[in-house]
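Q: Here you go, one structure.
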Amino acid sequence: MNPDKTLSIGVDLYGCPNRCRHCWLGHMPNRRMAEDADCFVMGVFSPFFDKIAFYSWIREPDYCNDYRERWERDLAISKNVIPERFELASFYRIVRDPEYIPFLKSVGVKKVQLTFFGLKETQDRYVGRKGAYEEVLKATDLLIEGGIIPRWQCFLNEENIDEIIEVYHMAQKIRETKCPELEFFVHEGSCDGENRKLYPIRIIRDHIPKELVPVYLNYETLTTEKECLEKLREDDSCPEFPVGEEIVLYISNTYDVYYNYTEMSDPWIIGNLKKDEPEELVRRILNGDTYALNELKKTSWKTLTAEFGDPSSERVFDMDDYRMYLVNECLKRQRMPHTI
Ligand code: SF4
8 MNPDKTLSIG VDLYGCPNRC RHCWLGHMPN RRMAEDADCF VMGVFSPFFD KIAFYSWIRE
68 PDYCNDYRER WERDLAISKN VIPERFELAS FYRIVRDPEY IPFLKSVGVK KVQLTFFGLK
128 ETQDRYVGRK GAYEEVLKAT DLLIEGGIIP RWQCFLNEEN IDEIIEVYHM AQKIRETKCP
188 ELEFFVHEGS CDGENRKLYP IRIIRDHIPK ELVPVYLNYE TLTTEKECLE KLREDDSCPE
248 FPVGEEIVLY ISNTYDVYYN YTEMSDPWII GNLKKDEPEE LVRRILNGDT YALNELKKTS
308 WKTLTAEFGD PSSERVFDMD DYRMYLVNEC LKRQRMPHTI
């Protein structure tokens with residue numbers, strides 16, 4: 008038993024209706040897991056952890072028809088921890104199920120985040136589903152009518168600048184006419200999973216429109232790739248992702264286990280719940296004894312920047328996102344440049 012650790016487990020029990028081009032987890036097929044998958048997963052970890060929060064989703068929350076019973080079940084099978092609701096919900100379900108917003112209110116949800124990539128054609132293309140644009144607008148109206156504050160997050164890149172300005176104007180209009188509390192922010196997003204494929208059109212700092220600067224998330228600490236490289240290029244330490252007191256694991260619908268801090272790609276697999284012995288799996292989780300983390304011990308930031316950085320790039324990054332970008336570039340190419 009590990010009394011000092013709290014475990015949160017998210018299981019991809021139902022999948023997701025969308026295929027967003029910014030999805031940091033990476034795209035996975037929807038596959039319905041076995042009826043007893045929740046008990047099976049809890050059964051693996053229960054002997055080792057005293058505090059476990061169980062979540063039946065890692066992609067779209069509430070993407071199952073019996074979402075109310077499902078939430079109650081998540082609460083019931085969690086162990087000495089109450090799972091959180093977060094400010095997330097299914098916009099797919101909001102526009103299809105009149106009982107859903109009352110349910111969200113009943114479980115204490117006060118705000119819901121909705122994502123924009125641009126106007127109609129762009130939004131549908133980025134979400135991977137026709138009608139997604141109308142759905143986020145309709146979901147906004149329904150949330151406001153239902154007493155929940157919408158928060159619009161926009162991903163800005165080189166191809167949607169004018170459209171995001173337009174979305175900002177729409178948000179301002181909604182604030183003036185029906186919901187002064189509507190929240191709005193713009194950011195560049197991380198650079199892992201599907202989002203990594205958008206690197207070529209990642210926003211250049213000088214191209215961020217002045218009008219969007221006040222609503223740009225953490226604009227003051229935004230760095231260009233060039234500046235990130237300057238900070239890292241003399242750093243001889245190796246990339247490390249220490250295992251803390253709170254461990255969050257994602258379980259794929261094929262029972263592969265991952266930490267939650269980056270994409271769910273093969274190099275990051277810790278093990279498999281059906282194939283590995285629970286003792287061995289938990290040992291790897293607690294000690295960070297995984298393929299990716301062990302490979303990263305053999306290199307350094309200095310080496311990764313020299314190998315994978317573009318010193319002429321003015322693309323913007325949060326520093327931690329850039330670190331993860333370098334690490335994943337390296338793992339993706341399965342070409343680990345060794346320092347030692
Ligand atoms: S970003 Fe969220 S909604 Fe979009 S594909 Fe990924 S999990 Fe689904």
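Following our numbering, the numbering of the sequence shown begins with 8 at its first residue and continues without gaps.
Backbone N, C-alpha and C define an ideal beta-carbon position, used for all residues, glycine too.
1. Rounded to whole angstroms, what is the Cα-Cα separation between Val250 and Ile292?
2. In or out: Asn335 buried (at least 16 other Cβ within 10 Å) or exposed?
3. Would DSSP call Lys304 helix, strand or coil?
4. Between Cys235 and Tyr329, is the Cβ-Cβ spacing less than 7 Å?
5. Would you call Ala178 buried or exposed, if buried means 16 or more other Cβ atoms sit within 10 Å of its Cβ?
6. Just how far apart, CA to CA, sit Val18 and Ile101?
7. With which residues is Val433 paired in a DSSP beta bridge?
8. Rounding to the nearest angstrom, what Cα-Cα distance links Ile254 and Pro68 in this structure?
9. Check whether the stretch 82–97 and the stretch 115–131 touch, using three or more Cβ-Cβ pairs below 8 Å as the test.
10. Please classify Tyr50 as buried or exposed, where buried requires at least 16 other C-beta atoms within 10 Å of its C-beta.
11. At a cut-off of 6 Å, is Asn25 close to the ligand SF4 when judged by its beta-carbon and the heavy atoms of the ligand?
12. Where does Arg209 fall in DSSP's three states?
13. Say yes only if the C-beta of Cys30 is nearer than 6 Å to one or more non-hydrogen atoms of the ligand SF4, and no if none qualify.
14. Which residue marks the beginning of the beta strand (DSSP E) containing His194, and which one marks its end?
15. In the structure shown, what three-state DSSP assignment does Val102 receive?
16. Quick check on DSSP: helix, strand or coil for Trp159?
17. Do Phe47 and Ile16 count as a contact pair if the criterion is CB distance below 7 Å?
18. Looking at C-alpha atoms only, which residue of Glu218, Leu239 and Phe192 is the closest neighbour of Asn225?
19. Looking at C-alpha atoms only, which residue of Leu163, Arg240 and Glu141 is the closest neighbour of Glu352?
A: By the coordinates alone:
1. Locating residue 250 in the sequence shown gives position 243, where the first residue counts as 1. Locating residue 292 in the sequence shown gives position 285, where the first residue counts as 1. C-alpha separation (whole angstroms): 8 Å.
2. Numbered from its first residue, the sequence shown carries residue 335 at position 328. Here Asn335 is buried: its Cβ has 16 or more other Cβ atoms, across all protein chains shown, within 10 Å.
3. Taking the first residue of the sequence shown as 1, we reach residue 304 at position 297. Residue state, collapsed to three classes: coil.
4. Along the sequence shown, one-based indexing puts residue 235 at 228. Along the sequence shown, one-based indexing puts residue 329 at 322. Going by C-beta atoms, Cys235 is nearer than 7 Å to Tyr329.
5. Indexing the sequence shown from 1 puts residue 178 at position 171. Buried is the call here.
6. As a position in the sequence shown, residue 18 is number 11, starting the count at 1. As a position in the sequence shown, residue 101 is number 94, starting the count at 1. Val18 and Ile101 have their C-alpha atoms roughly 22 Å apart.
7. Given a span of 8 to 347 for the chain in the structure shown, any question on residue 433 remains unanswerable.
8. One-based indexing of the sequence shown puts residue 254 at position 247. One-based indexing of the sequence shown puts residue 68 at position 61. Going by the C-alpha atoms only, they are around 20 Å apart.
9. A contact exists between the stretch 82–97 and the stretch 115–131.
10. In the sequence shown, residue 50 corresponds to position 43, counting from 1. Before going further, note that residue 50 is Gly rather than Tyr in the sequence given. Residue environment analysis places Gly50 among the exposed positions, since fewer than 16 neighbouring C-beta atoms fall within 10 angstroms of its C-beta.
11. Against the sequence shown, residue 25 aligns to sequence position 18. Placement of the Cβ of Asn25 at a distance of less than 6 Å from at least one heavy atom of the ligand SF4 is found.
12. Stepping through the sequence shown from its first residue, residue 209 is reached at position 202. Reduced to three states, the DSSP call for Arg209 is strand.
13. The sequence position of residue 30 within the sequence shown is 23, counting from 1. Because some heavy atom of the ligand SF4 lies under 6 Å away, the Cβ of Cys30 counts as near it: yes.
14. Taking the sequence shown and counting its residues from 1, one reaches residue 194 at position 187. Boundaries of the beta strand (DSSP E) harbouring His194: Glu190 to His194, taken from the DSSP string.
15. Locating residue 102 in the sequence shown gives position 95, where the first residue counts as 1. Assignment of Val102 by DSSP, reduced to helix, strand and coil, places it in the coil class.
16. Translated into the one-based positions of the sequence shown, residue 159 becomes position 152. Looking at Trp159 - three-state DSSP - the assignment turns out to be strand.
17. In the sequence shown, residue 16 corresponds to position 9, counting from 1. In the sequence shown, residue 47 corresponds to position 40, counting from 1. It is not a contact, given that the beta carbons lie outside the stated cut-off.
18. One-based indexing of the sequence shown puts residue 225 at position 218. Taking only the C-alpha atoms, the option nearest Asn225 is Phe192.
19. Outside the shown range of the chain, which is 8 to 347, sits residue 352, and nothing can be said about it.
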